[in-house]
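Here is the structure we will look at.
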Amino acid sequence: MKDFHQQKLVLNSFLFFVLAVCAFSGSFVEGVDDSTVSLYRATIISASLLFLVVFAACTPGFLIKSSKVFWFVFILASYGFLVAVYSDTVVSALSTYFRLMVFALASEVVRRICLEDREFLVRLSWLFSALVFVSVVIVVQEYLSGETQFLNGALRHDANLSSPIGFSAYIFALFVGLLFFWLRFESLSLFVISLFALALIFLSGTRSVSVASGAFLLFAIVLKRDPVSKVFVSLPLTVFGVAFMYKAGMLDSVVNRVTSLAGGSLDASGSFRMYILETYFSNATVSEVLFGLGLGGFYGWFEVQTGVPDVAPHFEFLWLVSEFGLIGAFVYALCALSFFVFGASRLLGESMRPYLFLLTAVVFGHMSTLQLANPFYFYQFVLVYGILMGILLANERIGLNIWPPFVSASSPGAQAR
Numbered sequence: 019m020k021d022f023h024q025q026k027l028v029l030n031s032f033l034f035f036v037l038a039v040c041a042f043s044g045s046f047v048e049g050v051d052d053s054t055v056s057l058y059r060a061t062i063i064s065a066s067l068l069f070l071v072v073f074a075a076c077t078p079g080f081l082i083k084s085s086k087v088f089w090f091v092f093i094l095a096s097y098g099f100l101v102a103v104y105s106d107t108v109v110s111a112l113s114t115y116f117r118l119m120v121f122a123l124a125s126e127v128v129r130r131i132c133l134e135d136r137e138f139l140v141r142l143s144w145l146f147s148a149l150v151f152v153s154v155v156i157v158v159q160e161y162l163s164g165e166t167q168f169l170n171g172a173l174r175h176d177a178n179l180s181s182p183i184g185f186s187a188y189i190f191a192l193f194v195g196l197l198f199f200w201l202r203f204e205s206l207s208l209f210v211i212s213l214f215a216l217a218l219i220f221l222s223g224t225r226s227v228s229v230a231s232g233a234f235l236l237f238a239i240v241l242k243r244d245p246v247s248k249v250f251v252s253l254p255l256t257v258f259g260v261a262f263m264y265k266a267g268m269l270d271s272v273v274n275r276v277t278s279l280a281g282g283s284l285d286a287s288g289s290f291r292m293y294i295l296e297t298y299f300s301n302a303t304v305s306e307v308l309f310g311l312g313l314g315g316f317y318g319w320f321e322v323q324t325g326v327p328d329v330a331p332h333f334e335f336l337w338l339v340s341e342f343g344l345i346g347a348f349v350y351a352l353c354a355l356s357f358f359v360f361g362a363s364r365l366l367g368e369s370m371r372p373y374l375f376l377l378t379a380v381v382f383g384h385m386s387t388l389q390l391a392n393p394f395y396f397y398q399f400v401l402v403y404g405i406l407m408g409i410l411l412a413n414e415r416i417g418l419n420i421w422p423p424f425v426s427a428s429s430p431g432a433q434a435r
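One point on numbering: in this note's numbering, the residue at position 167 of the sequence shown is 185, and numbering is uninterrupted.
What follows is the structure, encoded as structure tokens:
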């Protein structure tokens with residue numbers, strides 16, 4: 019695979035295959051026992067990681083020329099894995115570690131391809147559109163056959179994942195990508211497809227992701243360069259689409275749950291999340307709070323404390339704090355903020371609006387608006403999110419790194435700057 023065009027061909031085929039498998043995975047394993055489902059997912063994750071590692075090994079200078087984002091994710095994930103080894107929870111840490119490695123490698127590989135071939139963005143827009151279409155077909159099939167979940171006062175669709183929250187997080191990543199492609203290519207069809215993705219998010223009944231998606235849709239419309247398209251096409255079409263879903267009863271559960279939350283009342287889901295937070299901060303030791311439980315360590319720790327098995331942190335920030343410790347979570351937040359501030363300073367030009375939207379969505383869509391979704395526990399989200407990060411890092415004006423290069427006053431180019 020020395021020829022880069024051959025590598026691109028292999029990568030294009032691989033990304034399409036893996037993401038298509040992600041889209042159909044729930045249908046393939048539906049109705050079988052949990053061990054078979056776990057084995058199937060482990061196979062997908064392992065195969066994805068294996069291919070990306072082989073691709074990286076066959077790419078000259080892959081590690082030397084990798085972005086700081088890649089190295090940051092690798093170091094942070096490896097730290098969490100080592101803590102798990104020390105805590106004797108290495109088995110439970112492998113799944114999360116593999117997911118994070120897939121994200122780091124996928125983002126770096128996509129970055130390399132986008133730098134060499136700008137047309138790769140077009141193929142990715144087709145891929146995102148196809149995956150939304152597949153998800154729409156699956157949801158319609160579920161709706162007609164009555165395969166839905168009634169949780170916490172809402173009828174919720176989980177489509178290709180076993181969790182409505184995981185499904186909404188996965189579709190959110192596709193939704194963000196489609197809005198970016200819409201801003202980048204000025205294609206109305208991509209905007210219309212993004213509205214289908216928004217409908218799927220509302221159908222999941224996930225409050226946090228639904229509200230976040232609406233906010234990012236408005237942000238994308240504000241950034242739209244063409245005022246005629248913005249005012250007379252995008253905004254009315256959005257209002258019509260949301261009004262239609264509301265009239266059809268699709269948004270009732272989401273609206274009712276958001277209203278109750280705004281009124282200060284908590285449903286069963288909210289109360290259980292508060293119980294998780296109270297349990298952790300009341301029982302975690304000083305060393306556990308500072309250095310973390312290690313990757314995948316929250317499940318076992320929570321079961322020891324409460325006797326309740328298979329409970330995830332539910333909050334993204336609690337995942338960071340509990341598994342990486344306050345030190346790791348602080349470094350993560352600092353790097354993410356530095357990445358955003360440095361990137362935003364270079365993306366304020368008129369032609370950079372799509373990348374400014376993508377930067378905001380990638381950083382804050384994960385760190386703040388997806389707090390109730392725990393998306394990194396779902397490999398579908400990890401793959402799509404890695405692609406978005408790779409697209410962002412490939413933009414030359416962002417410098418491909420978290421921090422700008424340091425230039426001393428005595429260096430030859432310092433005065434010229």
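No residue lacks a Cβ here, since even glycine has one placed at the ideal position from N, Cα and C.
Run of the alpha helix (DSSP H) containing Phe357, from where it starts to where it stops: As a working note, residue 357 is residue 339 in the sequence shown. Under the DSSP assignment, Phe357 falls in the alpha helix (DSSP H) whose first and last residues are Glu334 to Ser363.
Straight-line gap, Arg435 to Arg364 (C-alpha atoms, nearest Å): Taking the first residue of the sequence shown as position 1, residue 435 is located at position 417. Taking the first residue of the sequence shown as position 1, residue 364 is located at position 346. Confidence at Arg435 is low in this model, with a pLDDT of 34, below 50, so its placement is unreliable and no value can be given for it.
Cβ-Cβ distance between Leu376 and Ile409 below 8 Å: Here the question's residue 376 lines up with position 358 in the sequence shown. Here the question's residue 409 lines up with position 391 in the sequence shown. Yes, Cβ-Cβ distance for Leu376 and Ile409 is below 8 Å.
Cβ-based neighbour list, Ser231, same chain, cut-off 7 Å, excluding 5 preceding and 5 following: Residue 231 sits at position 213 when you count from the first residue of the sequence shown. These residues qualify, in order along the chain: Phe190, Phe193, Leu216 and Ile219.
Any 3 or more C-beta pairs closer than 8 Å across the segment 149-157 and the segment 95-115: Cβ pair count under 8 Å is below three, so no.
Beta-carbon gap between Phe396 and Gly184 smaller than 8 Å: Locating residue 396 in the sequence shown gives position 378, counting from the first residue. Locating residue 184 in the sequence shown gives position 166, counting from the first residue. The criterion of a C-beta distance shorter than 8 Å is satisfied by Phe396 and Gly184.
Stretch pair the segment 125-145 + the segment 331-342: three plus CB contacts closer than 8 Å: At 8 Å Cβ cutoff, the stretches do not touch.
Val87 versus Val304: straight-line alpha-carbon distance, rounded: The residue you call residue 87 lines up with position 69 of the sequence shown. The residue you call residue 304 lines up with position 286 of the sequence shown. If you take the alpha carbons of Val87 and Val304, they lie about 29 Å apart.
CB of Leu197 within 8 Å of CB of Leu235, strictly: Residue 197 sits at position 179 when you count from the first residue of the sequence shown. Residue 235 sits at position 217 when you count from the first residue of the sequence shown. It is a contact, given that the beta carbons lie within the stated cut-off.
Cα-Cα separation, Ala122 to Leu313: As a first step, residue 122 is located in the sequence shown; it is residue number 104 there, counting from the start. As a first step, residue 313 is located in the sequence shown; it is residue number 295 there, counting from the start. Going by the C-alpha atoms only, they are around 16 Å apart.
Host alpha helix (DSSP H) of Val251 (start-end): Numbered from its first residue, the sequence shown carries residue 251 at position 233. Annotation for Val251: no alpha helix (DSSP H) segment contains it, and DSSP assigns it neither H nor E.
8 Å Cβ cutoff met for Pro372 and Arg202: Locating residue 372 in the sequence shown gives position 354, counting from the first residue. Locating residue 202 in the sequence shown gives position 184, counting from the first residue. Less than 8 Å separates the beta-carbon of Pro372 from that of Arg202.
Identity of the residue in Asp106, Thr114 and Phe80 nearest Ser96 by Cα: The residue you call residue 96 lines up with position 78 of the sequence shown. Minimum Cα-Cα distance from Ser96 among the listed residues Asp106, Thr114 and Phe80 corresponds to Thr114.
Alpha-carbon spacing of Ser186 relative to Leu162, whole angstroms: Taking the first residue of the sequence shown as position 1, residue 186 is located at position 168. Taking the first residue of the sequence shown as position 1, residue 162 is located at position 144. Taking C-alpha positions only, Ser186 is separated from Leu162 by approximately 20 Å.
DSSP three-state assignment for Phe396, whether helix, strand or coil: Working through the sequence shown from its first residue, we reach residue 396 at position 378. Note: Phe396 maps to coil in three-state DSSP.
Through-space distance from Gln159 to Ser356, alpha-carbon basis: On the sequence shown, residue 356 is found 338 positions in, with the first residue counted as 1. On the sequence shown, residue 159 is found 141 positions in, with the first residue counted as 1. Distance between the alpha carbons of Ser356 and Gln159: 44 Å.
6 Å Cβ shell around Arg291 - same chain, five flanking residues per side excluded: Here residue 291 refers to the residue found at position 273 of the sequence shown. The beta carbon of Arg291 sits closer than 6 Å to those of His332, all from its chain and outside the five residues before and after it, given in chain order.
Boundaries (first-last residue) of the alpha helix (DSSP H) holding Ser96: Looking up residue 96 in the sequence shown gives position 78. Counting along the chain, the unbroken alpha helix (DSSP H) around Ser96 starts and ends at Lys86 to Tyr104.
Same chain only: Cβ atoms within 8 Å of Leu366, ignoring 5 sequence neighbours per side: The sequence position of residue 366 within the sequence shown is 348, counting from 1. Taken in chain order, the residues that qualify are Leu374.
Extent of the continuous alpha helix (DSSP H) to which Thr114 belongs: Here residue 114 is taken as the residue at index 96 of the sequence shown, counted from 1. Counting along the chain, Thr114 sits inside the alpha helix (DSSP H) bounded by residues Val108 to Glu134.
Unbroken alpha helix (DSSP H) run spanning Glu306, endpoints: What you label residue 306 is simply residue 288 of the sequence shown in a count that begins at 1. That run of the alpha helix (DSSP H) goes Val304 to Phe309.
Cβ shell of Asn30 (< 7 Å), same chain only, five flanking positions each side left out: By 1-based counting over the sequence shown, the position of residue 30 is 12. So the list reads Arg141, once near-sequence residues are dropped.
Glu321, DSSP secondary structure in three states: Here residue 321 refers to the residue found at position 303 of the sequence shown. The answer is helix: DSSP assigns Glu321 an H, G or I state.
Leu411 vs Ser85 beta-carbon contact at 8 Å: Residue numbering aside, residue 411 sits at position 393 when the sequence shown is read from its first letter. Residue numbering aside, residue 85 sits at position 67 when the sequence shown is read from its first letter. Leu411 is a Cβ neighbour of Ser85, given a cutoff of 8 Å.
Sequence-distant residues of its chain with Cβ nearer than 6 Å to Val120 (five each side left out): Sequence index remark: in the sequence shown, residue 120 carries index 102 (1-based). Contacts found: Ser66, Leu67 and Val400.
Rounded C-alpha distance that separates Trp144 from Leu208: If you number the sequence shown from 1, residue 144 lands on position 126. If you number the sequence shown from 1, residue 208 lands on position 190. Going by the C-alpha atoms only, they are around 9 Å apart.
Straight-line Cα distance separating Val71 from Gly79: Here residue 79 refers to the residue found at position 61 when the sequence shown is read from its first residue. Here residue 71 refers to the residue found at position 53 when the sequence shown is read from its first residue. For Gly79 and Val71, the distance between alpha carbons rounds to 13 Å.
Exposed unless 16 or more other CB atoms sit within 10 angstroms - verdict on Asn301: Numbered from 1 along the sequence shown, position 283 holds the residue referred to as residue 301. Exposed is the call here.
Coarse secondary structure for Arg59, derived from DSSP in three states: The residue you call residue 59 lines up with position 41 of the sequence shown. Arg59: helix per DSSP, three-state reduction.
Own chain, CB closer than 8 Å to Thr297, minus 5 neighbours either side, in chain order: The sequence position of residue 297 within the sequence shown is 279, counting from 1. Phe320, Gln323 and Thr324.
Buried versus exposed call for Lys242 [16 or more other C-beta atoms within 10 Å across all chains shown]: Locating residue 242 in the sequence shown gives position 224, counting from the first residue. Residue environment for Lys242: buried (at least 16 other C-beta atoms within 10 angstroms of its C-beta).
Helix, strand or coil at Phe80 [DSSP, three-state]: The count along the sequence shown starts at 1 and reaches residue 80 at position 62. Note: Phe80 maps to coil in three-state DSSP.
Distance between Leu94 and Ala347 (C-alpha atoms, nearest Å): Taking the first residue of the sequence shown as 1, we reach residue 347 at position 329. Taking the first residue of the sequence shown as 1, we reach residue 94 at position 76. Roughly 10 Å between the two C-alpha positions.
N-terminal and C-terminal residue of the alpha helix (DSSP H) that Gly314 is part of: Here residue 314 refers to the residue found at position 296 when the sequence shown is read from its first residue. Per DSSP, Gly314 is not a residue of any alpha helix (DSSP H), being assigned neither H nor E.
The alpha helix (DSSP H) enclosing Ser226, as first and last residue numbers: Working through the sequence shown from its first residue, we reach residue 226 at position 208. Ser226 -> alpha helix (DSSP H) spans Arg225 to Leu241.
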